[in-house]
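> When we follow this note's numbering, the leftmost residue of the sequence shown carries the number 1325, and every step to the right adds one.
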Amino acid sequence: MKKGWHKYLVYISLIFLVIALYRADYLKIPIIYSWGDLLLSFTLLFAGFLAQVWTWFTVLKQSNSPIDYPTALAGTGLSVFTKFIPGKIMIIVGRAAYAAEAFHYPVGRLSALSLNTQLIALWSGLTTGTIGLFFLEGFAQWRWLIIGLFAFLSIMIFNTTANKIVEKILQKILKKNINLPQLHPTVVLKVLPIFFIYWLLWAAAFYFLGKSLSTGTELSILSGLSFPLATTLGIMAIIAPGGIGVREGIIVGCLTLSGVDPTQATTISVASRLWFFIGESFIFILGWLTDRLKVRPSKLPQSSNSQ
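(1) Under 7 Å, do Ser-1593 and Val-1570 count as touching if we go by C-beta distance?
(2) What residue from Ser-1605, Ser-1582, Gly-1534, Ser-1547 has the CA that sits closest to Asp-1361's CA?
(3) Does the structure place the stretch 1543-1563 close enough to the stretch 1521-1535 that three or more beta carbon pairs sit under 8 Å?
(4) Excluding five sequence neighbours on each side, which residues of the same chain lie with their C-beta closer than 8 Å to the C-beta of Leu-1384?
(5) Between which two residues does the alpha helix (DSSP H) containing Thr-1379 stretch?
(6) How big is the Cα-Cα spacing for Ser-1538 and Pro-1354?
(7) Which value, in whole angstroms, describes the spacing of the CA atoms of Trp-1612 and Lys-1618?
(8) Given Pro-1509, which residues of its chain have a CB within under 7 Å of its CB, disregarding the five upstream and five downstream residues?
(9) Leaving out the 5 sequence neighbours to the left and right, which residues in its chain are closer than 7 Å to Leu-1446 when beta-carbon positions are compared?
(10) Which ranges would you report for the alpha helix (DSSP H) in the stretch 1407-1454 if only whole runs of at least 4 residues count?
(11) Excluding the 5 residues flanking Ile-1609 on each side, which residues of the same chain have their C-beta closer than 8 Å to its C-beta?
(12) Roughly how many angstroms separate the alpha carbons of Ser-1369 and Ile-1521, rounded to a whole number?
(13) In terms of residues, what are the limits of the alpha helix (DSSP H) holding Lys-1618?
(14) Where does the unbroken alpha helix (DSSP H) through Thr-1395 begin, and where does it stop?
(15) Taking Cβ positions, are Met-1480 and Leu-1443 nearer each other than 7 Å?
(16) Output needed for Tyr-1606: all residues of its chain with C-beta closer than 7 Å, excluding positions within five of it in sequence on either side, in chain order.
(17) Going by other Cβ atoms of all chains shown within 10 Å of its Cβ, with 16 needed for buried, is Ile-1416 buried or exposed?
(18) Give the range of the alpha helix (DSSP H) segment to which Pro-1390 is assigned.
(19) Taking the CB atoms as reference points, tell me whether Val-1511 and Gln-1386 lie closer together than 7 Å.
(20) Just verifying my parser: in three-state terms, what is the DSSP assignment at Ser-1544?
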């Protein structure tokens, strides 16, 4: 595989990002009623992104393919906008390719681990968001979709048979032997707390974003949990680049359930796209700077399983 090919993904993803945001017309600055709440919101949002990087770092460490945190940060940051490339698979491959090149691991192995990481993120995000739905008494409207997604993600994460089926499909498509690593359930349980931490940080961040944009309405703290749910379902919406449109619609529905006026809910929902885009830009710039500075150790212990 050509060295540095993942960098081309960065340029392509930026092009698709500009197109997606221009078409959606979400780059509008709303009226801010509380700058203190907005500052706290961004602090928690940025902390959530750093915690998300930690999940990738930890999964690789627990899978005998250790890398250092700066490499995890650079790979995650530079790949953050690849989700706007149709198909969304490049956000999984991008960080894996970066780590594989930096530490000479097989890119196929790390791509499989990156897919496992994404599945766990979706599972934990869906769990976090569903808790909010229960309290908001909105679970009945979504129960079959959520139960179906829970079942699918659980099978993909914990069931070895599903892993073997994916292996066989890839073997037939690629015409070569493929061995996809799967995280052991005990490993999944070890890393799960970190996933919940970054979802809860983002939920709290969204709650304070809503407070900063609200006037005359007491926002329920449970409304913050609508963001993990909406983000998870947005990621799983294959037809929408980066979940644009899907996430906003779900947020409006959840905020309305929590007692927010539909007009105000729409304002918060649309503003959350620009808000989250600033967070993505933060992790992208941080990743780019880390890559430029090459802040990483010259060598880490290599596992015998990495070859």
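C-beta atoms are modelled at their ideal positions from N, C-alpha and C, and glycine is treated no differently.
Reading off the structure:
(1) no
(2) Gly-1534
(3) yes
(4) Pro-1390, Ile-1391, Ala-1396, Ala-1423, Leu-1434, Leu-1437
(5) 1359-1386
(6) 11 Å
(7) 10 Å
(8) Answer for Pro-1509: Phe-1482, listed in chain order.
(9) Leu-1477, Thr-1556, Ile-1559, Met-1560
(10) Every alpha helix (DSSP H) stretch that sits fully inside the stretch 1407-1454 and reaches 4 residues is listed by chain position as 1414-1427.
(11) Gly-1401
(12) Rather than Ser, the amino acid found at residue 1369 in this sequence is Leu. Cα to Cα, Leu-1369 sits roughly 12 Å from Ile-1521.
(13) Annotation for Lys-1618: no alpha helix (DSSP H) segment contains it, and DSSP assigns it neither H nor E.
(14) 1393-1403
(15) Yes. Within cutoff.
(16) Here residue 1606 is Phe; the residue named in the question, Tyr, does not match the sequence. Answer for Phe-1606: Phe-1370, Phe-1373, listed in chain order.
(17) buried
(18) Here Pro-1390 belongs to no alpha helix (DSSP H), and DSSP marks it neither H nor E.
(19) yes
(20) coil
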